[in-house]
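A.B. asks:
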Amino acid sequence: MPSNPPYLYRSRHGLWYFRLVVPPAKRPSIGKTEIRRSLRTRSKREAVIRCAEALVEAQKLMEGESTSNQPVSPVAPPKPVLSDLLEAYRHHQSLEGVSLKTIDDKQSVIRLLIRICGDKTPSEYTLDDAKRFRDTALKLPPLVTRILRKNPDRTLRELISESDTTISITTYNNYIKNLVSVFSFAIREGYTVHNPFSSMKIKQKTKVNTFRGVFTRDDVGLLFKAISVEKGWKYWIPVLGCYTGLRLNEICQLYKEDIKHINGLWCIHVQKVYHDQHLKTPSSERLIPIHQGLIDLGFIDYVQQTNDGTRIFSDLVRHQKHGYSATPSKWFGRLRVKLGFTNSDTRKDFHSFRHTIANDLKQKGYSENLIGGLLGHTTGGITNNRYGKDYKPEVLLPLVEAISI
């Protein structure tokens, strides 16, 4: 196919656009510096045809202005289609502190919707579109959005025919949650008045707390035996997960200054102070006492050997999306396969440390509010969440010392 017409260009999302610069003399009456519109297609052949039509319309607009002494009424810009809103939505999410990985995940789901139902204005999506998305998505293979990112030319029909498994109901519901979020943004911005995906989640009878497994004492024994020969982060990160319930990235991004001695207690301050630190939610910031078992294993001594103003695990390289946890996550994934943690009906991964600790403390009778304070969850009603202060380390100390997984 010949090179692109001068008025045709392709966005980084794969959509074709028409753009014509308005001559300076005509800008006051036309009211814009350029005429730009989405051609609503990813096909270059179709875009060339539509570009010619758009050029004729643009020329008529400027010729009408030049043959009349009357100013031309500004032409209403075309309503943005869903792909046009993605950049604004990404910017809005970044302002709210949403991680790049989460933003990209949402964008992948939007692109999947566009593949299934077409790229339309938000107000043009209907309940029938939502049902069509549901019926198609539930036939797709696991990790389909990742597959499509790497192989954008693959068709959904091919992926469905080649796979023996499909995405889980949990994954589908996460897709719907992301679509609800995007269309809620479109409603707030005035592009539509309804959210066709608001009631499209599938209810599951299985309890939420059964989706991810907990570690047994035998599991922990195998784990400690495996890492006993390791040094640096390969030893300390699993140990910290076992004794604190911190999220993987919370551990990986710790600085020496985040380990503090307060009110006679050694504590870990999960916070966002340095530019490369990230909190999942505002309630993730917390100050928790360090388990005596960690101190006995030499964690404080290990931290003290770190230079001031540096991360405890300074050899970890920061990933653009996954922070410093990208390499440890892959390493732990291989380790759990080696130890047989995947040979069960429940998922056991690094996040299982949090589930294990939560379950352990729950069975010992500790309140949901205290467990939430330790793990960085928002719990309780408006009195606790809005007016209550964070728990002091000495209040959380009995919980921490009760951890015995």
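So for the sequence shown, the numbering used here puts the first residue at 0; every next one is plus one.
For glycine and all other residues, C-beta sits at the position ideal for the given N, C-alpha and C.
(1) How big is the Cα-Cα spacing for residue 36 and residue 290?
(2) Under a three-way DSSP split, which group does residue 15 fall into?
(3) Taking DSSP's pairing of strands, which residues face residue 37 in a bridge?
(4) Between the alpha carbons of residue 292 and residue 275, how many angstroms are there, rounded?
(5) Only counting runs of 4 or more residues, tell me where the alpha helix (DSSP H) segments fall wholly within the region 233-313, in order along the chain.
(6) Taking the beta carbon of residue 349 as the centre, do at least 16 other beta carbons fall within 10 Å, making it buried, or is it exposed?
(7) Go ahead and pull the three-state DSSP assignment for residue 174.
(8) Looking at the unbroken alpha helix (DSSP H) that takes in residue 7, where does it start and where does it end?
(9) In this structure, does DSSP put residue 220 in helix, strand or coil?
(10) Here's the rule I'm using: 16 or more other beta-carbon atoms within 10 Å means buried, otherwise exposed. How should residue 357 be labelled?
(11) CB-CB under 7 angstroms to residue 57, same chain, minus the five flanking residues each way: which ones, in chain order?
(12) Here's a check: name, in chain order, each residue in its chain whose Cβ is nearer than 6 angstroms to the Cβ of residue 1, leaving out the five neighbours to either side.
(13) When DSSP labels each residue in this structure, what does residue 346 get in the three-state scheme?
(14) Given 6 angstroms as the limit, tell me if residue 150 has its C-beta closer than that to any heavy atom belonging to the ligand SAH.
(15) According to DSSP, which residues form a beta bridge with residue 318?
(16) Which first and last residues belong to the alpha helix (DSSP H) in which residue 375 is found?
(17) How should residue 105 be labelled, buried or exposed, when 16 other C-beta atoms within 10 angstroms of its C-beta is the threshold for buried?
(18) For residue 340, which of helix, strand or coil comes out of DSSP?
(19) Which residue spans inside the region 67-138 form an unbroken alpha helix (DSSP H) run of at least 4?
(20) Are the region 226-240 and the region 386-402 touching by the rule of at least three beta carbon pairs closer than 8 angstroms?
(21) Whole-angstrom Cβ separation of residue 118 and residue 39, contact assumed at under 8 angstroms?
(22) Among the candidates 278, 61, 171 and 284, whose CA atom is the shortest distance from the CA of residue 111?
(23) Determine the direct distance from the alpha carbon of residue 279 to that of residue 294, and round the result to whole angstroms.
(24) Report buried or exposed for residue 262, applying the criterion of at least 16 other Cβ atoms within 10 angstroms of its Cβ.
(25) Would you give the residue range spanned by the alpha helix (DSSP H) that residue 354 belongs to?
(26) State buried or exposed for residue 125, treating a residue as buried only when at least 16 other CB atoms are found within 10 Å of its CB.
(27) Which residue comes first and which comes last in the alpha helix (DSSP H) that contains residue 156?
(28) Could you pull the start and end residues of the alpha helix (DSSP H) that residue 393 belongs to?
(29) Are the region 247-256 and the region 324-340 touching, with three or more C-beta to C-beta distances below 8 angstroms?
(30) Anyone know if the C-beta pair for residue 351 and residue 212 falls short of 7 angstroms?
(31) Give the range of the alpha helix (DSSP H) segment to which residue 147 is assigned.
(32) Taking all protein chains shown into account, do 16 or more other C-beta atoms lie within 10 angstroms of the C-beta of residue 192, making it buried, or fewer, making it exposed?
(33) With DSSP collapsed to three states, give me the class of residue 332.
(34) Using only the alpha-carbon positions, how far apart do residue 134 and residue 123 sit?
(35) Under the three-state reduction of DSSP, which class applies to residue 29: helix, strand or coil?
C.D. replies: Quick look at the numbers:
(1) Position 37 of the sequence shown, counted from the first residue, corresponds to residue 36. Position 291 of the sequence shown, counted from the first residue, corresponds to residue 290. Near 60 angstroms, if we compare the C-alpha coordinates of residue 290 and residue 36.
(2) For the purposes of this step, residue 15 is taken as residue 16 along the sequence shown, with counting starting at 1. In the structure shown, residue 15 sits in a strand (DSSP, three-state: E or B).
(3) Working through the sequence shown from its first residue, we reach residue 37 at position 38. Paired residues: 16.
(4) On the sequence shown, position 293 is the one that residue 292 refers to. On the sequence shown, position 276 is the one that residue 275 refers to. Answer to the nearest angstrom: the Cα atoms are 29 angstroms apart.
(5) Runs of the alpha helix (DSSP H) inside the region 233-313: 247-251, 291-295 and 298-303.
(6) Locating residue 349 in the sequence shown gives position 350, where the first residue counts as 1. By the 10 Å Cβ count, residue 349 comes out buried.
(7) Residue 174 sits at position 175 when you count from the first residue of the sequence shown. In this structure, residue 174 counts as helix in the three-state DSSP scheme.
(8) For this step, residue 7 is matched to residue 8 along the sequence shown. Looking at the DSSP string, residue 7 is not in any alpha helix (DSSP H); the run it does join, the beta strand (DSSP E), is 7-9.
(9) Looking up residue 220 in the sequence shown gives position 221. Residue 220 falls in the helix class under three-state DSSP.
(10) The residue labelled residue 357 in the question sits at position 358 within the sequence shown. It counts as buried.
(11) For this step, residue 57 is matched to residue 58 along the sequence shown. For residue 57, where only same-chain residues beyond five positions count, the Cβ hits under 7 angstroms are 19 and 34.
(12) Along the sequence shown, read from residue 1 onward, the residue named residue 1 stands at position 2. Unreliable placement is indicated for residue 1, whose pLDDT of 47 sits below 50; no coordinate value is reported for it.
(13) Locating residue 346 in the sequence shown gives position 347, counting from the first residue. DSSP, read as helix, strand or coil, puts residue 346 in strand.
(14) The model on display carries no ligand, and the ligand SAH is accordingly not part of it.
(15) Residue numbering aside, residue 318 sits at position 319 when the sequence shown is read from its first letter. DSSP, once it has assigned bridges, lists 322 as partnering residue 318.
(16) As a position in the sequence shown, residue 375 is number 376, starting the count at 1. Counting along the chain, residue 375 falls outside any alpha helix (DSSP H), and DSSP gives it neither H nor E.
(17) To locate residue 105, count along the sequence shown from 1; it is residue 106. The residue is buried, with at least 16 neighbouring Cβ atoms inside 10 Å.
(18) Taking the first residue of the sequence shown as 1, we reach residue 340 at position 341. Note: residue 340 maps to coil in three-state DSSP.
(19) Considered as a whole, the region 67-138 harbours 81-94, 99-116 and 126-136 as its complete alpha helix (DSSP H) runs of no fewer than 4 residues, in chain order.
(20) no
(21) The count along the sequence shown starts at 1 and reaches residue 118 at position 119. The count along the sequence shown starts at 1 and reaches residue 39 at position 40. The pair is a contact, with the Cβ atoms about 6 angstroms apart (cut-off 8 angstroms).
(22) Start at 1 with the first residue of the sequence shown, and residue 111 comes out as number 112. Checking every option, the nearest Cα to that of residue 111 belongs to 171.
(23) As a first step, residue 294 is located in the sequence shown; it is residue number 295 there, counting from the start. As a first step, residue 279 is located in the sequence shown; it is residue number 280 there, counting from the start. Using only the alpha carbons, I get a separation of about 27 angstroms.
(24) Here the question's residue 262 lines up with position 263 in the sequence shown. Exposed, since its Cβ has fewer than 16 Cβ neighbours within 10 Å.
(25) In the sequence shown, counting from the first residue as 1, residue 354 sits at position 355. First-last of the alpha helix (DSSP H) with residue 354: 351-362.
(26) Residue numbering aside, residue 125 sits at position 126 when the sequence shown is read from its first letter. Burial call: exposed.
(27) The count along the sequence shown starts at 1 and reaches residue 156 at position 157. Counting along the chain, the alpha helix (DSSP H) containing residue 156 begins and ends at 155-161.
(28) Your numbering for residue 393 matches position 394 in the sequence shown. Taken as a continuous stretch (DSSP letters only), the alpha helix (DSSP H) holding residue 393 covers 392-401.
(29) yes
(30) Taking the first residue of the sequence shown as 1, we reach residue 351 at position 352. Taking the first residue of the sequence shown as 1, we reach residue 212 at position 213. Yes. Within cutoff.
(31) Stepping through the sequence shown from its first residue, residue 147 is reached at position 148. In this chain, the alpha helix (DSSP H) harbouring residue 147 covers 143-149.
(32) By one-based count along the sequence shown, residue 192 stands at place 193. By the 16-neighbour rule on beta-carbons within 10 angstroms, residue 192 is exposed.
(33) Position 333 of the sequence shown, counted from the start, is the residue given in the question as residue 332. Helix, per DSSP.
(34) In the sequence shown, counting from the first residue as 1, residue 134 sits at position 135. In the sequence shown, counting from the first residue as 1, residue 123 sits at position 124. Each residue's Cα considered, the two are about 19 angstroms apart.
(35) Against the sequence shown, residue 29 aligns to sequence position 30. For residue 29, the three-state secondary structure derived from DSSP is helix.
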